[in-house]
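Residues 1 to 216 in our numbering are what the sequence shown spells out, letter by letter. Each residue gets a CB set at the ideal place from its N, CA and C atoms; glycine is no exception.
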Amino acid sequence: MADLENILKNQESDLARDQEIARVLECCPRDYFAILQINPLVGLEDLAQKLRKAYRRKSLLIHPDKTQNENAPRAFALLKKAEHVLAIDETQDHENEDLQAEALEKKSLIDIYKHVDERLQLSLQEDFDHKDNKKLREEVQQLLESHSKNQEIERSFAQRQDLQRQEAIKTAAKERELKKSWEQRWEQDRGDRVKLWRAFTSKVEKPKKKKKKVLA
């Protein structure tokens, strides 16, 4: 009986791990609050404490060493990224550019939540799975995905411009090299051209002067 109970407990644990991994992977990768199941509009002043508890609980649940689920590494990487960004103090200036960018990303995410909440006029609920909170996250996800697409378009456009500039630089360099090569060849052949010209002019007969008739 004890063995059966252990088997059932292990099966329940595996199921819980698989469900959590699937849930994390279904979240918008840039909605770090959704990944950690934290509502940023309720008790934001206690975020550090909520963050520690949520990350510890979830990291133990979906750590790749704890499960054979092949998607565990991807889910765990998203979880670590979410914890890292949300743990940054967005109110401070950071000398490190990466930290500064991540602090700005955290602040922007909180602002998006607040903006969507003001627009939808939803009731603030402590329950993460409340229908209003679900609606809020859906709207936030749409904005984040739209923003990501716009960034991708801008990156693609910038890359095309950069490639065009590089091609223009290469073309100009080839043209300068060709001109330089032609000028060098012109100078090298100068002596041959002079010799040919002298040989040509020496063969040309000069017109004879007519003799004047002497009158008797």
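Excluding residues up to 5 positions away in sequence, 40 lie with their Cβ nearer than 6 angstroms to the Cβ of residue 33 in the same chain. Distance from the Cα of residue 108 is smallest, within the candidate group 126, 89, 96, for 89. When the alpha-carbon of residue 104 is set against those of 141, 28, 87, 60, the nearest one is in 87. CA-to-CA, the gap between residue 112 and residue 59 works out to about 26 angstroms. Of the candidates 69, 29, 186, 82, 29 places its Cα closest to the Cα of residue 144. Between residue 82 and residue 21 the beta-carbon gap is near 14 angstroms, outside 8 angstroms, which marks them as no contact. Nearest to residue 120 by C-alpha distance, out of 134, 102, 78, 17, is 134. With distances taken between CA atoms, residue 101 lies nearest to 85 out of 116, 115, 110, 85. It is roughly 29 angstroms from the alpha-carbon of residue 72 to the alpha-carbon of residue 44. A straight-line Cα-Cα distance of about 13 angstroms links residue 142 and residue 26.
Under the three-state reduction of DSSP, residue 36 is assigned to coil, being neither helix nor strand. In this structure, the CA atom of residue 183 is about 15 angstroms from the CA atom of residue 192.
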